[in-house]
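Worksheet: one structure, shown below.
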Amino acid sequence: MPCLRKELVLSVVQEESQELSVIRLGGSVGIASAAELKKLLLQALGSGKEVRVSLESATDLDVTAVQLLWAAGCEAKRPGARFTFIEAMPEEISIALGDAGFEKVSLSK
Amino acid sequence: MPSNANNIDRFKQSFREEAREILVELESALLELNGNPEDLELVGRVFRSLHTLKGSGAMFGFDELAAFTHHLETAFDEVRNGRLKIDSELVDLTLAALDQIKAMLEEDSGNAAADSGACAEILAKVRQMTGTAESHPAGPVPEQASPADESGATCDWQIRFAPGPELMLKGTDPLLLLRELKQMGDLRIVASMAAVPPLGELEPERCYISWEMVLSTAAGRDAIRDVFIFVEDSCELSIESASSPAPSAAACTPDVTAKALEEQRALSGGRRIYDKPSNASSLRVPAAKLDQFVDLVGELVTVQARLSEIATRRDDLEITEVSEEIERLTSSLRENSMNIRMTPIRATFEKFRRLVHDLARDLDKDVELTIEGADTELDKTVIDRLSDPLMHLIRNSMDHGIEPGDVRAADGKRPTATIRLSARHSGASVLVEVSDDGGGIDVDAVRNRAIEKGLIAADAVLTEAEIFALLFEPGFSTAKQVTDISGRGVGMDVVRQSVESLRGTIDVASKRGQGTSVTLRLPLTLAIIDGLLVKIGNANFVMPLANTLECIELTREDVAKANGRHVAEVRGEILPYIRLREYFNIHSERPEIEQIMVVETEEGRYGFVVDQVLGDHQTVIKNLGRFYRHVKFVSGATILGNGTVALILDPHRLVKDALHANTRGARGHSVAVTGSRRPKGD
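Put into structure tokens, the structure is as follows:
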């Protein structure tokens, strides 16, 4: 049978302070919200603030989300930009990423 | 639940339709392969088609079909990997297998089942060729976890999977595929992020990641490939048996993989290559729905004509504006609906490769089929009804037209005979031609046979074309022997009936010793055409616009200048014309100035004289019914806005009839009207 994607629903909580932008991603982070997530990450990284992402409430991460977070991590290599993950990733997501060969791929550079 | 059962039936039907198309493609590729056994692209085409047939078949519950196809797929995988050579035996075997697959497809719909004996025989031969042991003779497709390796030993497979960019958009999650793969054995996997662009340039819904894997499993290559069955056409996938012992997890580090990937990218110029999926998306719609749609458009066109009539009569500016707007929209709608029905003739033509191949073998003749103009489009209804007449023409040509090899050699001809199938547009018609370079028609033999059968009198004077036309009389055959292929004189009659039911015509040309060509002139569509509405007395007629070049005036002086001959001078050139008033025996006062419609016909330019040209008309074609089927020069009727009926003229037949009358000297001028010719609607 074809491997059809699950329906993806993203919830985002953004906490802003003068020097910090915290993005808390919850639910399924996937293709349905990929465009929104890209915009969010670009805005946060463009603000010059330190960007922190939490996946603690995330239930699922698909390839598009992994790509975006990885690219955001690469972006943060520029001078002055900071991008980190905070709090622990849920275990099932961590296992799923490991199973898909992302074990050695560090999302935060 | 009934709705579920309905859904399953619908899916099965949808698979059947798709499978039939795949089988046509398969047959065509196989026959091409027969002539080019080294063509790896063709091998790939055959393999992919079998692969899709198997995968989709299993999914829709056609287990027997899937299991049977699996063995053929294995054989072509062996060909792909250079372990098996293409020869005529494999091609014939696969063609025979396709016949069984066709039967399996139709089994569910209550038709004849596949021949289990023949299937077993085919499978035994395939296994012998591929060197595989007998397994799952009629059972379902081997499960993915079942060992393909007969020893059951675990093997290491190096797998590279780079999804196509559109994979996620098509609803497939590669992570689920990887999870499925993981269930097959020990999977060591590394994702490569090397192709992911900077965040700003990244298209969020596109897939940039690829994977390098080593899978230790008892399952075979086919079982692994089955995991990717629905994405294989739009991804890069390689599954290679690791000849050396399986690398340790440490050996398969991201660094090593990244380096390997970098090397690969450098080799391919930094670009990932995908099997290009077709950009054109399409929708499968039942033909009946389309017919209904076109019928409704036809009704709309008729109602619109009525509205135009009312608007003209009332002389109301507002109604006229609305009417003109509706006319424009209806015209666009009509054109679009007609275009939807237009289908290339390719699939119909390609089907005959198999027929020619099989007949050539049965008749022990060396024959090649060449196809030209396969992209020519025709109305679906016309195409659907064209298969039978073409089949009869080809069979006839193969059996009677093409000479045996020794005769060809004695005549100094090429040993390989050619049958040519071609299609091309000609005005509002399509010309479909079946020609051969065989012995040609023996005119005397046809004539003598016709006299024997009492079709013509012994002293009848007939032109060559008239003699050829006798070939299409019921039961007519000059064959000395009735064979399985032809000779009973049934086929050509069927050809005539089929073509005439499509309002087409048949022309035969033949030269003794050089070959025969049969040309079918078929209307582009049987539904709605652009026409030119004309009037003679109180009767209205429609001339197809596609054939009409111009309209010019014909004064009484012009008629007098021609001294009673039916010719007019148009810009220094002589134009013969047919006076439709005389042709249809219409008795009414002739206007001072008549109109000549200049029309392009098969016989050249001809004029048709009418009283008045009323203007262009979207013509919904209605059949005249069985009662009028012998009225040859009228191709149908249409209903006008005021509710009256106008006959649609067939200019080609009108001219032919006129020329025929001239040749036979039936009348002093080019037209003759007899009681049987006069249409009743007049």
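Quick note, the sequences are listed as chains A and B, same order.
Sequential numbering of the first sequence, starting at 6, is according to my numbering.
Sequential numbering of the second sequence, starting at -4, is according to my numbering.
C-beta atoms are modelled at their ideal positions from N, C-alpha and C, and glycine is treated no differently.
Query                                                                                                                                                                                  : Result
So, is the C-beta of V56 of chain A closer than 8 Å to a C-beta in chain B?                                                                                                            : no
With a cut-off of 8 Å, do at least 3 Cβ pairs link the stretch 435 to 455 of chain B to the stretch 410 to 417 of chain B?                                                             : no
Leaving aside the five residues before and after R75 of chain B along the sequence, list all residues of the same chain whose C-beta is less than 8 Å from its C-beta, in chain order. : L35, V38, G39 and F42
Using 8 Å as the Cβ pair cut-off and three pairs as the minimum, do the stretch 60 to 72 of chain A and the stretch 167 to 174 of chain B touch?                                       : yes
Identify the contact partners of P169 of chain B in chain A, using a Cβ-Cβ distance below 7 Å as the criterion.                                                                        : V68
Contact between the stretch 176 to 192 of chain B and the stretch 200 to 207 of chain B: three or more CB pairs below 8 Å?                                                             : yes
Below 8 Å, how does it come out for the stretch 503 to 522 of chain B and the stretch 373 to 381 of chain B: are there three or more Cβ pairs, yes or no?                              : yes
Using a Cβ cut-off of 8 Å, pull out every chain A residue sitting near V209 of chain B, in sequence order please.                                                                      : Residues of chain A passing the Cβ test: none, with the nearest at roughly 11 Å.
Check whether the Cβ atoms of A77 of chain A and L194 of chain B sit closer than 8 Å, and answer yes or no.                                                                            : yes
Is D645 of chain B close to the ligand NAD? I mean its beta-carbon at under 7 Å from any heavy atom of the ligand.                                                                     : Summarising the ligand content, the structure contains no ligands, and the ligand NAD is consequently not present.
Check whether the Cβ of K177 of chain B lies closer than 8 Å to any Cβ atom in chain A.                                                                                                : yes
Buried or exposed for N618 of chain B, going by 16 or more other Cβ atoms inside 10 Å?                                                                                                 : exposed
Taking V121 of chain B as the query, report the chain A residues whose CB atoms sit under 9 Å from its CB, ordered along the chain.                                                    : Within chain A, no residue comes near V121 of chain B; the closest Cβ sits about 27 Å away, beyond 9 Å.
Under the DSSP definition of a beta bridge, which residues are partnered with D525 of chain B?                                                                                         : B:Q613
Enumerated in chain order, which unbroken segments of the beta strand (DSSP E) with a length of 3 residues or greater are wholly contained in the stretch 141 to 199 of chain B?       : 150 to 158 and 181 to 187
With DSSP collapsed to three states, give me the class of M94 of chain A.                                                                                                              : coil
What are the residues of the stretch 97 to 108 of chain A that lie near chain B, defined by any Cβ-Cβ distance shorter than 8 Å?                                                       : A101, D104, A105, G106 and F107
Could you run through the stretch 178 to 194 of chain B and flag, in chain order, every residue whose CB is less than 9 Å away from some CB of chain A?                                : L182, R183, I184, V185, A186, S187, M188, V191, P192, P193 and L194
Cβ of Q48 of chain A less than 8 Å from any chain B Cβ?                                                                                                                                : no
Under DSSP, the alpha helix (DSSP H) around G78 of chain A begins and ends at which residues?                                                                                          : V68 to E80
Closest Cβ-Cβ distance between A39 of chain A and chain B: below 8 Å?                                                                                                                  : yes
Excluding the 5 residues preceding and the 5 following V121 of chain B in the sequence, name in chain order all residues of the same chain whose CB lies nearer than 7 Å to its CB.    : H66, L67, A70 and L88
Against L60 of chain B, what residues of chain A qualify as contacts under a CB-to-CB distance less than 7 Å, listed in chain order?                                                   : Residues of chain A passing the Cβ test: none, with the nearest at roughly 17 Å.
Does Q72 of chain A have its Cβ less than 8 Å from a Cβ in chain B?                                                                                                                    : yes
So which of B:F55, B:E13 and B:L26 has the shortest CA-CA distance to D4 of chain B?                                                                                                   : B:F55
Contact criterion: CB-CB distance below 8 Å. Does E24 of chain A meet it with respect to chain B?                                                                                      : no
Just reading off the beta strand (DSSP E) that K506 of chain B is part of, what are its end residues?                                                                                  : T500 to K506
Relative to the C-alpha of E227 of chain B, which residue among B:E198, B:R507 and B:P160 is closest?                                                                                  : B:P160
What is the DSSP secondary structure of S59 of chain A, reduced to helix, strand or coil?                                                                                              : strand
Kindly provide the ranges of any beta strand (DSSP E) runs that are 3 or more residues long and lie completely inside the stretch 374 to 432 of chain B, ordered along the chain.      : 412 to 421 and 424 to 431
Quick one: which chain B residues come within Cβ less than 8 Å of K43 of chain A?                                                                                                      : L194, L197 and P199
So is S583 of chain B buried or exposed if we call it buried at 16+ other beta carbons inside 10 Å?                                                                                    : exposed
In chain A, which residues lie less than 9 Å from R174 of chain B when you measure between Cβ atoms?                                                                                   : C8, A101, D104 and A105
Among all the DSSP beta bridges, which residues are the ones paired with A641 of chain B?                                                                                              : B:T633
Listing by chain order, which chain A residues have their CB less than 7 Å from the CB of C202 of chain B?                                                                             : V68
Tell me which same chain residues have a C-beta within less than 7 Å of the C-beta of S322 of chain B, skipping the five on either side of it?                                         : Checking the sequence shown, residue 322 of chain B turns out to be Glu, not Ser. Cβ within range, chain order: Q299 and S303.
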